[in-house]
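What follows is a single structure, written as structure tokens, with notes after it.
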Amino acid sequence: MKMSGCKEGNIAFAEMSNEYIELVKAWVAKPHVCRWWTDSWSEEIFQDTSYKKNESFIHGSMITCIDDVPIGLSQLYFSSSSPETSLSCDECGLRFFIGDAKYLKQKLGRVIIGKLVEGIFRATKIERIVCEPQADNWPAIISLKRAKFRDHGRVRRANLSLVRLSLPRNLVEKKLK
0 MKMSGCKEGN IAFAEMSNEY IELVKAWVAK PHVCRWWTDS WSEEIFQDTS
50 YKKNESFIHG SMITCIDDVP IGLSQLYFSS SSPETSLSCD ECGLRFFIGD
100 AKYLKQKLGR VIIGKLVEGI FRATKIERIV CEPQADNWPA IISLKRAKFR
150 DHGRVRRANL SLVRLSLPRN LVEKKLK
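With numbering that gives the first Met the number 0, the residue at position 22 of the sequence shown is 21, and numbering never jumps.
This is the structure in structure tokens:
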């Protein structure tokens with residue numbers, strides 16, 4: 000997925016590449032990220048940073064930049080390969096975080112998600128974007144709701160209590176034209 004054309008204002012999305020692996024490792028180790036970013040597959044991928052080893056991690060991953068400064072990571076996935084999220088064929092899953100603590104608590108989450116959503120819908124034929132943050136991840140839940148994601152309530156997956164939120168294409172179609 001090419002979203003490099005999704006730059007509006009000072010927010011841009013860069014394709015994930017090996018140059019960002021160490022930065023992402025540092026972000027994932029920060030308390031405000033690792034509290035909710037507990038995927039065991041991340042640790043396995045970070046053991047070897049060669050491109051071929053990380054190909055599945057890089058596919059669908061983008062670095063979020065503000066004024067050309069990398070501040071976070073967004074991951075899109077199109078299959079139900081992880082037990083945390085159940086997706087149908089016209090849905091994609093979304094994970095994201097702001098890794099640079101200087102950019103927290105500035106209400107950037109909603110803006111970043113809005114730009115990311117526009118880019119996803121422009122670049123794909125996906126009809127719905129699904130995000131399932133952990134139930135106590137209020138910063139993510141609030142940012143998603145402010146970005147017009149609908150709350151479908153709590154779900155339990157893989158011993159996690161999650162909140163299922165989704166955004167259908169028709170809620171953003173006016174912006175896409």
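Virtual Cβ for every residue (Gly too), placed ideally from N, Cα, C. Note that the structure is predicted; figures quoted are calculated from it, not measured.
Roughly how many angstroms separate the alpha carbons of F96 and A134, rounded to a whole number?
Here residue 96 refers to the residue found at position 97 when the sequence shown is read from its first residue. Here residue 134 refers to the residue found at position 135 when the sequence shown is read from its first residue. In a straight line, the C-alpha of F96 is about 15 angstroms away from that of A134.
Give a yes or no on contact between the stretch 91–106 and the stretch 125–142, applying the rule of three or more CB pairs nearer than 8 angstroms.
yes
Give me, in chain order, the residues of the same chain whose beta-carbon lies closer than 8 angstroms to that of A25; leave out the 5 immediate sequence neighbours on both sides.
Here residue 25 refers to the residue found at position 26 of the sequence shown. Correct list, in chain order: G98.
Could you tell me which residues DSSP puts in a beta bridge with Q105?
Locating residue 105 in the sequence shown gives position 106, counting from the first residue. Bridge partners of Q105: none, in fact.
What number of angstroms, rounded off, separates the C-alpha of K29 from the C-alpha of W35?
Position 30 of the sequence shown, counting from 1, holds the residue named residue 29. Position 36 of the sequence shown, counting from 1, holds the residue named residue 35. Looking at the two C-alpha atoms, the distance is approximately 11 angstroms.
Just the C-alpha distance for C5 and E131, rounded to the nearest angstrom, thanks.
Numbered from 1 along the sequence shown, position 6 holds the residue referred to as residue 5. Numbered from 1 along the sequence shown, position 132 holds the residue referred to as residue 131. Below a pLDDT of 50, predicted positions are generally treated as unreliable, and C5, at 48, falls in that range; the measurement from the model is reported next regardless. The alpha-carbon atoms of C5 and E131 are separated by roughly 24 angstroms.
Nearest-angstrom Cα separation, counted from D150 out to L143
In the sequence shown, the residue the question calls residue 143 occupies position 144. In the sequence shown, the residue the question calls residue 150 occupies position 151. About 9 angstroms.
Is R163 closer than 8 angstroms to E126 when the C-beta atoms are compared?
Here residue 126 refers to the residue found at position 127 when the sequence shown is read from its first residue. Here residue 163 refers to the residue found at position 164 when the sequence shown is read from its first residue. No, these two residues do not count as a Cβ contact at 8 angstroms.
Considering only C-alpha positions, which residue in the set I62, G92, L75 is nearest to E18?
Working through the sequence shown from its first residue, we reach residue 18 at position 19. Looking at the Cα atoms, I62 is the closest of the given residues.
Go ahead and label L75 buried or exposed: buried means 16 or more other beta carbons lie within 10 angstroms of its beta carbon, across all protein chains shown.
Residue numbering aside, residue 75 sits at position 76 when the sequence shown is read from its first letter. So L75 ends up on the buried side.
Same chain, Cβ closer than 7 angstroms to D196, neighbours up to 5 away in sequence not counted
The question about residue 196 has no answer here: the residues shown for the chain are numbered 0 through 176.
Closest by CA to V110, which one among A146, I128, P69, M15?
In the sequence shown, counting from the first residue as 1, residue 110 sits at position 111. Ranking the options by Cα distance to V110, first place goes to A146.
Could you give the DSSP three-state label for C33: helix, strand or coil?
Here residue 33 refers to the residue found at position 34 when the sequence shown is read from its first residue. In this structure, C33 counts as helix in the three-state DSSP scheme.
With burial defined as no fewer than 16 other Cβ atoms inside 10 Å of the residue's Cβ, what is the status of G152: buried or exposed?
As a first step, residue 152 must be located in the sequence shown, where it is residue number 153. The residue is exposed, with fewer than 16 neighbouring Cβ atoms inside 10 Å.
I20 to C88, Cα distance in whole Å?
For the purposes of this step, residue 20 is taken as residue 21 along the sequence shown, with counting starting at 1. For the purposes of this step, residue 88 is taken as residue 89 along the sequence shown, with counting starting at 1. Going by the C-alpha atoms only, they are around 30 angstroms apart.
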